[in-house]
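Residue numbers for the sequence shown, in our numbering: 104 to 570.
Just so you know, even glycine gets a beta-carbon here, dropped at the ideal spot from N, CA and C.
Below you'll find the structure, written out as structure tokens, and then a few comments.
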Amino acid sequence: MLLFILINGCSEEFIDLAPLSEVTAGNFYKNESDMEQAVIAAYGALQSSNMYKENFLYFMEGRSDNTYFEDITQTEKSDFDFFREATTNSLLDDTWKTCYITIQRCNIVLNRIDAIEMSEDLKGIRKAEVKFIRALTYFNMVRMWGAIPVVLKEVDDPFSSYADVRQPVSDVYAAIINDLKDASTILPNKQIQIGRVTKGAALTLLGKVYLTQQEWNLATTTLKQVESLGYQLLSNYADVFDADNQNNRESIFEIQFKADVNGEGSVYRRMHIPLGVTSLLNNVSAGAGFNLPSQDLLNAYSNNDLRKDVTVLEVPNDGRLYTNKYTAISTIPNDEGNNFMVLRYADVLLMQAEALNEIGYVADGEAFNYLNLVSQRAGLSNYDSNTLKTQEEFREALLLERRLELALENHRWFDLIRSNKAVEVMTNYNETRAPLIISSHHVLYPIPQAQINLINNSQTFGQNPGY
104 MLLFILINGC
114 SEEFIDLAPL
124 SEVTAGNFYK
134 NESDMEQAVI
144 AAYGALQSSN
154 MYKENFLYFM
164 EGRSDNTYFE
174 DITQTEKSDF
184 DFFREATTNS
194 LLDDTWKTCY
204 ITIQRCNIVL
214 NRIDAIEMSE
224 DLKGIRKAEV
234 KFIRALTYFN
244 MVRMWGAIPV
254 VLKEVDDPFS
264 SYADVRQPVS
274 DVYAAIINDL
284 KDASTILPNK
294 QIQIGRVTKG
304 AALTLLGKVY
314 LTQQEWNLAT
324 TTLKQVESLG
334 YQLLSNYADV
344 FDADNQNNRE
354 SIFEIQFKAD
364 VNGEGSVYRR
374 MHIPLGVTSL
384 LNNVSAGAGF
394 NLPSQDLLNA
404 YSNNDLRKDV
414 TVLEVPNDGR
424 LYTNKYTAIS
434 TIPNDEGNNF
444 MVLRYADVLL
454 MQAEALNEIG
464 YVADGEAFNY
474 LNLVSQRAGL
484 SNYDSNTLKT
494 QEEFREALLL
504 ERRLELALEN
514 HRWFDLIRSN
524 KAVEVMTNYN
534 ETRAPLIISS
544 HHVLYPIPQA
554 QINLINNSQT
564 FGQNPGY
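Okay, structure coming up:
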């Protein structure tokens with residue numbers, strides 16, 4: 104595991120991280136260097152295959168109408184595509200456990216850093232960083248599973264020692280908001296080490312949390328602060344995803360990966376290329392056929408939308424679809440240099456448009472301005488009140504714009520849930536390989552059966568409805 108850092112503004116190096124199992128009270132957390140490694144370990148957890156490196160792609164994008172899973176022989180993965188995952192699905196259990204390992208790493212830092220001799224200002228920043236990571240992890244979990252245990256202190260065993268009560272969703276969000284408020288007041292606008300959390304990341308995530316809770320006024324005032332921090336839309340949409348241009352001025356927070364270094368790369372390009380295709384991977388490896396762009400997504404783009412040929416392309420002489428949002432190709436299979444962009448400025452603008460429209464539709468008002476900033480870059484005509492005459496028409500246009508702008512970036516499934524469109528959209532989705540049977544309970548995933556068995560208390564730790 105690693106974090107991309109710049110030294111003296113020009114040279115680059117990576118920090119290696121010890122696995123959590125090697126980090127114990129007896130051999131670690133004795134000085135500032137040890138604590139810095141503990142903080143980096145919290146970042147490193149986000150790179151896990153059980154989180155952003157792989158599983159989140161199935162849970163957050165693969166569930167939606169944007170993608171389909173071609174390799175249906177891998178049933179535990181493809182089951183998410185078809186809404187038929189079992190409570191015993193190992194991916195769910197692995198991700199649940201890794202999320203709590205991540206939270207444990209954050210809690211270790213918060214519990215132990217005050218005893219370490221180091222700058223008080225630096226202590227505050229490092230605390231704020233892990234509070235962001237903890238909040239991000241809980242935000243993903245609460246959207247996936249609903250009520251979950253909230254653990255805000257270091258425990259002896261992150262798998263069995265946390266509270267055996269699934270706390271209400273409102274309590275989970277309260278913890279998330281507290282962490283992000285704390286983080287946003289302490290974090291600097293920029294960090295010397297690229298890849299570390301900044302004030303902009305904390306505020307953007309807080310704005311997204313408020314939006315999810317339908318706290319429209321809090322969302323817009325929070326996101327307004329992000330606008331003052333110097334982020335910009337890149338003029339060329341393709342440049343946002345150029346592997347040689349990562350951590351650019353549109354990017355707010357990325358999961359960092361490094362190609363061809365001890366397995367510290369990502370797998371995004373290979374995952375998004377059809378099964379068996381080698382020509383798009385320099386014949387180093389073959390496409391995995393996992394989250395492939397759907398024909399439905401391709402059909403959603405107009406021919407003059409400049410985002411189309413970045414997001415969805417046909418494999419030459421093949422006809423199947425792939426994406427070029429992940430451009431880096433490695434010399435070692437499954438070890439690419441593509442980062443994963445969790446938060447970027449275009450999302451901020453679209454969230455602002457959404458919040459303002461929900462506060463109240465205003466013909467050609469400020470919400471239109473935000474929406475048009477994004478659509479203009481795509482080479483499209485401006486939206487106005489002649490085409491979007493009502494609040495509901497604006498909502499529909501915004502949801503489409505979010506789909507076109509943020510496709511294959513882990514936003515679509517949660518956007519459909521937030522807009523109460525998930526069941527409707529996926530019921531109407533034209534899946535030719537097998538019928539999709541989706542019900543309202545599918546907006547949450549099943550609690551892993553292994554965790555229910557571990558707690559063994561149906562009153563405080565029961566299964567989600569429908570499973």
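Classify I540 as buried or exposed, calling it buried when 16 or more other Cβ atoms lie within 10 Å of its own Cβ. For I540, the number of other beta carbons within 10 angstroms of its own is below 16, and it is reported as exposed.
Residue environment, N243, which counts as buried when at least 16 other CB atoms sit within 10 Å: Buried, by the Cβ-count rule.
Which same chain residues end up closer than 8 Å to L501 when comparing Cβ atoms and leaving out the 5 residues on each side of it in sequence? The beta carbon of L501 is closer than 8 Å to those of L453, A456, E457, N460 and L474 in its chain, skipping five residues each way along the sequence.
Within the chosen definition, does the segment 173-193 reach the segment 225-236 through at least 3 CB pairs nearer than 8 Å? Here the segment 173-193 makes no contact with the segment 225-236; the two share fewer than three CB pairs at distances below 8 Å.
Would V370 and E439 be called neighbours here (beta carbons separated by less than 9 Å)? Yes, the pair counts as a contact, with Cβ atoms nearer than the cut-off.
Between V329 and the rest of its own chain, which residues show a CB-CB distance below 6 Å, the 5 nearest in sequence each way excluded? Excluding residues within five positions, the ones whose Cβ falls inside 6 Å are G303, L306, T307 and V451.
Assuming L503 is part of the alpha helix (DSSP H), what are its boundary residues? Residues Q494 to L509.
Using a threshold of 9 Å, state whether the C-beta atoms of V300 and I236 are closer than that. With contacts defined as CB atoms closer than 9 Å, V300 and I236 qualify as a contacting pair.
Starting from N394 and walking both ways along the alpha helix (DSSP H), at which residues does that stretch end? Per DSSP, N394 belongs to no alpha helix (DSSP H); it is in the beta strand (DSSP E), N394 to P396.
Is the beta carbon of L194 closer than 9 Å to that of E179? Taking 9 Å as the Cβ cut-off, E179 and L194 qualify as a contacting pair.
Near K156, what residues of its chain come up, given a Cβ to Cβ distance below 7 Å and the 5 sequence neighbours on each side ignored? Correct list, in chain order: Q150, S369 and V370.
Where does P271 land, buried or exposed, given buried means 16+ other C-beta within 10 angstroms? Result: exposed.
First through last residue of the alpha helix (DSSP H) which encompasses V329: Counted as a single uninterrupted DSSP element, the alpha helix (DSSP H) harbouring V329 occupies residues W319 to E330.
Taking only three categories from DSSP, how would you classify R447? It is a strand residue.
Pick from M444, S382 and I435 that is closest to N420, judged by C-alpha positions: Closest option to N420, Cα to Cα, is S382.
Through-space distance from S561 to K428, alpha-carbon basis: Put simply, the backbone Cα of K428 is about 44 Å away from that of S561.
In angstroms, rounded to a whole number, what distance separates the CA positions of N559 and D260? Straight through space, the alpha carbons of D260 and N559 are spaced by roughly 17 Å.
With a threshold of 6 Å on Cβ separation, who are the neighbours of Y570 within its own chain once the five nearest residues in sequence on each side are excluded? Counting only Cβ-Cβ distances below 6 Å, and skipping sequence neighbours, we find T190 and P549.
Measuring only the C-alpha atoms, how far is D182 from F360? For D182 and F360, the distance between alpha carbons rounds to 28 Å.
Since S354 is in the beta strand (DSSP E), which residue starts that stretch and which ends it? Bounds of the beta strand (DSSP E) holding S354 are S354 to I358.
Cutting at 6 Å between CB atoms, please list the residues of its own chain near A322, excluding the five before and the five after it. Excluding sequence positions up to five before and after A322, its CB lies within less than 6 Å of the CB of G310, Y313, L314 and A458, all in the same chain and listed in chain order.
Report the option in T198, Q316, V364 and L507 whose CA atom is closest to the CA atom of Q552. The option with the nearest alpha carbon to Q552 is T198.
By how many angstroms is the C-alpha of F564 removed from the C-alpha of R498? About 37 Å.
Look at the alpha carbon of N513 and the alpha carbon of S167, and state the distance between them as a whole number of angstroms. Whole-angstrom Cα-Cα distance: 10 Å.
Could you have a look at Q562 and say whether DSSP puts it in helix, strand or coil? When DSSP states are grouped into helix, strand and coil, Q562 belongs to the coil group.
Less than 9 Å separating the beta-carbons of S433 and A362? Inclusion of S433 and A362 in the CB contact set at 9 Å is warranted, their separation being smaller than that value.
Tell me whether Y473 sits in a helix, a strand or coil according to DSSP, three-state version. It is helical.
Is the segment 401-418 touching the segment 472-488, taking contact as three or more C-beta pairs under 8 Å? Touching, per the Cβ criterion.
In or out: Q335 buried (at least 16 other Cβ within 10 Å) or exposed? In the assembly as shown, Q335 is an exposed residue. Its beta-carbon has fewer than 16 other beta-carbons within 10 Å.
Cα-Cα separation between L225 and F443, rounded to whole angstroms: Roughly 27 Å between the two C-alpha positions.
Roughly how many angstroms lie between the CA atoms of V528 and L519, to the nearest whole one? Each residue's Cα considered, the two are about 8 Å apart.
C-beta atoms of T170 and L400 nearer than 9 Å: Contact flag set, yes.
When burial is assigned at 16 or more other CB atoms within 10 Å of the CB, is L503 buried or exposed? Within a 10 Å sphere around the beta-carbon of L503 sit fewer than 16 other beta-carbons, which makes this residue exposed.
State the DSSP-derived secondary structure class of I297, mapped to helix, strand or coil. Under the three-state reduction of DSSP, I297 is assigned to coil, being neither helix nor strand.
Measuring only between beta-carbons, confirm whether L337 sits less than 9 Å from chain C. Of the protein chains in this structure there is only one, and it is not chain C.
Run through DSSP, which three-state label would T307 get? DSSP places T307 in helix when its eight states are reduced to three.
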